[in-house]
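Number of protein chains: 2
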Amino acid sequence: MEPPKTVQQIADFLRRLPSVGTKSSLRLAYACLALPREDLEAFCSALERALTTIHTCPECGLLIDGDSCPICSDSTRDGSTLMVVTSAKDVLAIENSDSFRGRYFVLSGTLSPAAHRTLESTGINRLLAKVQAGGIREVICCTGADLEGETTALYIASALKETGVEVTRPAEGLPSGAVLEYADPVTLGRAIKGRTKIEEE
Amino acid sequence: MEPPKTVQQIADFLRRLPSVGTKSSLRLAYACLALPREDLEAFCSALERALTTIHTCPECGLLIDGDSCPICSDSTRDGSTLMVVTSAKDVLAIENSDSFRGRYFVLSGTLSPAAHRTLESTGINRLLAKVQAGGIREVICCTGADLEGETTALYIASALKETGVEVTRPAEGLPSGAVLEYADPVTLGRAIKGRTKIEEE
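Here the protein sequences line up with chains A and B, keeping their order.
Here the first sequence is numbered in the numbering used here, starting from 1 and rising by one per residue.
Here the second sequence is numbered in the numbering used here, starting from 1001 and rising by one per residue.
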C-alpha cells in the first residue's frame, strides 16, 4: 500500500534535506500533516514569502530578507578582512561567537569535482576577482576542517599567493572543554603542534 | 546575529517535527532554501494541496486524498476484525507486511494523561462505541510495545471485557534476524515466555 500521493510528494521533498532518509521523510511528512491546520498554513506562507523576499546579498552572498545586507551596510566593520565560508548559516555561527568584525564572502559549498562544484559554481572565481581588485589585507578561509574544506582553503591560498594578501585559517586544536583521551589523534597532533604560550592575565 | 525572520519561521515550524532540534531545524531551513526554486515551489503547492485534499476517513481515521478510503471501500476485507493503531503511518507498515486483511481504527496517539491525550481526544471513546455497536469479533491492539502503548491496549481490553469481543495484541519476541546476545532482557524474557511450537512444513 502506498501513502496518499500528496503525502508522498511532501516526503520526497523532505528526503532531499540533509540527514533525512526514506523512512524518516515519510515520518516527517505525516508529522507535518498532524500539526494544527493553521500552523501548516503559516508554514506554507513563510515558505512562499521566502521565495519572494529571501535573496543573497550580491556583495557577500549572505541570505537576507530586506533590501540591505546587515553586514555589508555596517560601516563600523573592517572591510579589509574577508572571512570566506561555504554556507550562509556559517555566518550566523561566527557572528554568534562575537569574535569577528570584518566582512564575509559566502561560497556555494566547497570545491569538489566529484560533486560538480567548480571554481565557477562555488563562486571562488568571483572571490579571487574581488580580492585581486584590491582593498583587502587578509582572507580568512573558514571553509571547514574536512578534506574538501582544506582543499578549498589551499586552492584559495595558492591562487592569491602573488597578490601579497595574507590568507589564514582558524586555529585547529582541542575543542573547548574537550576530554583529552577522547580526542582523535589528528586533532591532538595539531593541537600540540600549534601550542600557544600561556599568558598570565 | 539572528537568521532572517522568514528563515527563522521556517525553522520554528520544522522544530516541531519529531527528532528535529533547534540546531537541526535551522540547518534544515537553510537546506530548504538552498534547493532549486522550482522544487521549493512544488513543495509549497504539495503542502497546499494537502491542506485541501488530505482528510481522515470518517470511518477508520486513515489519511486519504480521494473520496473513498481504499481500506473501508474494499469489500474483500474482513469487517469483523479491527486493527487499532495510534498513527496513520502504522497502517502503511502493516499493509506492507501483507499479514492483515481486516479493517483499521486509527487513534490520535496513545492514552497519556500527562500529554493531555484523553479517551475523547485519542478517539478511544469512538472506538468503544463502534465495537459496542456490534459486528466486530476481534480487536487487535497494535498500539506499540512501550508503556503508553501497553496502557492503551490494556484499557481497551478492560473496557471491552463485557462485550465478549476478543481483544488481542501482536506477539512480542525477538525481531527477525536478531542476534540473541544483543536482545534486551525484557524482549528475551517475553520471547521465551511466548515460545511457539516448531511446525514441520
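Using N, Cα and C, we set each Cβ at its ideal position, and we do this for glycine too.
- Query: Would you say V1007(B) reaches chain A, if we count a Cβ-Cβ gap shorter than 8 Å as a contact?
  - Reply: Mapped onto the second sequence, residue 1007(B) falls at position 7. Taking Cβ atoms only, chain A reaches closer than 8 Å to V1007(B), which makes this a yes.
- Query: Looking at R1101(B) and D1205(B), is the spacing between their C-beta atoms short of 8 Å?
  - Reply: Residue 1205(B) lies beyond the range of chain B shown here (1001 to 1201); nothing can be said about it.
- Query: What residues of chain A sit near E1166(B), judged by a beta carbon separation below 8 Å?
  - Reply: For the purposes of this step, residue 1166(B) is taken as the residue at position 166 of the second sequence. Under a criterion of Cβ atoms nearer than 8 Å, no residue of chain A is adjacent to E1166(B); the nearest Cβ is some 25 Å distant.
- Query: Among A31(A), L17(A), A153(A), V20(A), which has the Cα closest to the Cα of T110(A)?
  - Reply: As a working note, residue 110(A) is residue 110 in the first sequence. Of the candidates A31(A), L17(A), A153(A), V20(A), the residue whose Cα lies closest to the Cα of T110(A) is A153(A).
- Query: Shorter than 8 Å from the beta carbon of P204(A) to some beta carbon of chain B?
  - Reply: With chain A running from 1 to 201 in the structure shown, residue 204(A) is simply not present.
- Item | Within chain B, the residues that Y30(A) reaches when beta carbons sit closer than 8 Å | Numbered from its first residue, the first sequence carries residue 30(A) at position 30. Simply L1063, S1087, A1088, K1089.
- Message: Can you give me the C-alpha to C-alpha distance between L1047(B) and S1112(B), rounded to a whole angstrom?
- Response: Indexing the second sequence from 1 puts residue 1047(B) at position 47. Indexing the second sequence from 1 puts residue 1112(B) at position 112. Taking C-alpha positions only, L1047(B) is separated from S1112(B) by approximately 30 Å.
- Looking at C-alpha atoms only, which residue of L160(A), Y104(A), L180(A), E148(A) is the closest neighbour of T118(A)? Here residue 118(A) corresponds to residue number 118 of the first sequence, with the count starting at 1. The option with the nearest alpha carbon to T118(A) is E148(A).
- Message: Quick test of the definition: if touching needs 3 or more C-beta pairs under 8 Å, does the region 1053-1070 of chain B touch the region 73-89 of chain A?
- Response: Result no; under three Cβ-Cβ pairs closer than 8 Å.
- Taking the DSSP output, what are the residues bridged to R1103(B)? The residue labelled residue 1103(B) in the question sits at position 103 within the second sequence. Its beta-bridge partners are L1082(B).
- At least three beta-carbon pairs within less than 8 Å, the region 35-49 of chain A to the region 80-89 of chain A: Verdict: no, contact absent.
- Under 7 Å by beta carbon: chain A residues contacting N1096(B): For the purposes of this step, residue 1096(B) is taken as residue 96 along the second sequence, with counting starting at 1. Residues of chain A with a Cβ closer than 7 Å to the Cβ of N1096(B) are, in chain order, M1.
- Task: Find the residues of chain A that neighbour E1040(B), judging by a C-beta separation of less than 7 Å, and give them in chain order.
- Result: Along the second sequence, one-based indexing puts residue 1040(B) at 40. Here residue 1040(B) is Leu; the residue named in the question, Glu, does not match the sequence. Correct list: L47, L51.
- Message: Among the candidates L63(A), Y182(A), E41(A), whose CA atom is the shortest distance from the CA of E1002(B)?
- Response: The residue labelled residue 1002(B) in the question sits at position 2 within the second sequence. Considering only alpha carbons, the answer is L63(A).
- Task: Could you name the residues of the same chain whose beta carbon sits closer than 7 Å to that of V167(A), not counting the 5 residues immediately before and after it, in chain order?
- Result: Working through the first sequence from its first residue, we reach residue 167(A) at position 167. Result list for V167(A): V139, C141, I156, A157, L160, in chain order.
- Message: Tell me which residues share the same chain as V20(A) and place their Cβ nearer than 8 Å to its Cβ, disregarding the 5 neighbours each side in the sequence.
- Response: Here residue 20(A) is taken as the residue at index 20 of the first sequence, counted from 1. Residues of the same chain with a CB within less than 8 Å of the CB of V20(A), apart from the 5 flanking positions on each side, are L14, L28 in chain order.
- Item | Every unbroken beta strand (DSSP E) within the region 129-154 of chain A, with a cutoff of 3 residues, ordered by chain | As far as the region 129-154 of chain A is concerned, its whole beta strand (DSSP E) runs of at least 3 residues are 138-141.
- Item | Contact list for R27(A) against chain B, beta-carbon separation under 7 Å | Walking along the first sequence from the start, residue 27(A) turns up at place 27. Against R27(A), the close residues of chain B are P1018, K1089, in the order they occur along the chain (beta-carbon pairs closer than 7 Å).
- Hey, could you find the ends of the alpha helix (DSSP H) T187(A) is sitting in? On the first sequence, position 187 is the one that residue 187(A) refers to. Following the DSSP letters along the chain, one finds T187(A) inside the alpha helix (DSSP H) bounded by residues 185-193.
- Buried or exposed for L107(A), please, with buried defined as at least 16 other CB atoms from any protein chain shown within 10 angstroms of its CB. Numbered from 1 along the first sequence, position 107 holds the residue referred to as residue 107(A). Counting other Cβ atoms within 10 Å of its Cβ, L107(A) reaches 16 or more and is therefore classed as buried.
- Whole-angstrom C-beta distance between G1194(B) and A1171(B), which should lie under 8 Å: Your numbering for residue 1171(B) matches position 171 in the second sequence. Your numbering for residue 1194(B) matches position 194 in the second sequence. A1171(B) to G1194(B), Cβ: 6 Å. Contact.
- When the Cα of G144(A) is compared with those of I192(A), T196(A), R169(A), which residue comes out closest? Mapped onto the first sequence, residue 144(A) falls at position 144. G144(A) has its Cα closest to that of R169(A), out of I192(A), T196(A), R169(A).
- Message: I want to verify the contact list: residues of chain A whose CB lies under 7 Å from the CB of R1103(B), in sequence order.
- Response: Here residue 1103(B) refers to the residue found at position 103 when the second sequence is read from its first residue. Those do not exist, as R1103(B) stays about 13 Å from chain A at its closest Cβ, beyond 7 Å.
- Query: What residue range is occupied by the uninterrupted beta strand (DSSP E) comprising E2(A)?
  - Reply: As a working note, residue 2(A) is residue 2 in the first sequence. Counting along the chain, E2(A) falls outside any beta strand (DSSP E), and DSSP gives it neither H nor E.
- Task: Within 10 angstroms of the Cβ of P1018(B), are there 16 or more other Cβ atoms? Answer buried if so, exposed if not.
- Result: Here residue 1018(B) is taken as the residue at index 18 of the second sequence, counted from 1. Here P1018(B) is exposed, its C-beta having fewer than 16 other C-beta atoms within 10 Å.
- Query: What number of angstroms, rounded off, separates the C-alpha of V1091(B) from the C-alpha of Y1104(B)?
  - Reply: Position 91 of the second sequence, counted from the first residue, corresponds to residue 1091(B). Position 104 of the second sequence, counted from the first residue, corresponds to residue 1104(B). Take the alpha-carbon of V1091(B) and the one of Y1104(B): they are about 8 Å apart.
- Message: Run through the DSSP bridge pairs and tell me what E1166(B) is partnered with.
- Response: Taking the second sequence and counting its residues from 1, one reaches residue 1166(B) at position 166. Looking at the DSSP output, E1166(B) shares a beta bridge with E1138(B).
- Task: Output yes or no for whether 8 Å exceeds the beta carbon distance between V1051(B) and R37(A).
- Result: Residue 1051(B) sits at position 51 when you count from the first residue of the second sequence. Residue 37(A) sits at position 37 when you count from the first residue of the first sequence. The sequence as given places Leu at residue 1051(B); Val does not occur at that position. Closer than 8 Å, so yes.
- Item | Cross-strand partners of H1116(B) (DSSP beta bridge) | Sequence index remark: in the second sequence, residue 1116(B) carries index 116 (1-based). Answer is none; H1116(B) lacks a bridge partner.
- Message: Distance cutoff 8 Å, beta carbons only. Does R1037(B) sit that close to anything in chain A?
- Response: Along the second sequence, read from residue 1 onward, the residue named residue 1037(B) stands at position 37. For R1037(B), a Cβ of chain A is located within less than 8 Å of the residue's own Cβ.
- Partners in chain A for C1044(B), counting only beta-carbon separations shorter than 8 Å: Indexing the second sequence from 1 puts residue 1044(B) at position 44. C1044(B) reaches chain A at C44, L47, E48, L51, counting residues in chain order whose Cβ is nearer than 8 Å.
- Task: May I have the straight-line CA-CA distance separating L1033(B) from L1040(B), to the nearest angstrom?
- Result: Here residue 1033(B) is taken as the residue at index 33 of the second sequence, counted from 1. Here residue 1040(B) is taken as the residue at index 40 of the second sequence, counted from 1. Rounded to whole angstroms, the gap between the alpha carbons of L1033(B) and L1040(B) is 7 Å.
- Query: Closest to H55(A) by CA distance: which of L1035(B), R1049(B), I1054(B) is it?
  - Reply: Numbered from its first residue, the first sequence carries residue 55(A) at position 55. Nearest C-alpha to H55(A): L1035(B).
- Test item: CB-CB of D146(A) and K1005(B) under 8 Å: Within the first sequence, the letter at position 146 stands for residue 146(A). Within the second sequence, the letter at position 5 stands for residue 1005(B). No; because the gap between Cβ atoms is not below 8 Å, this pair is not in contact.
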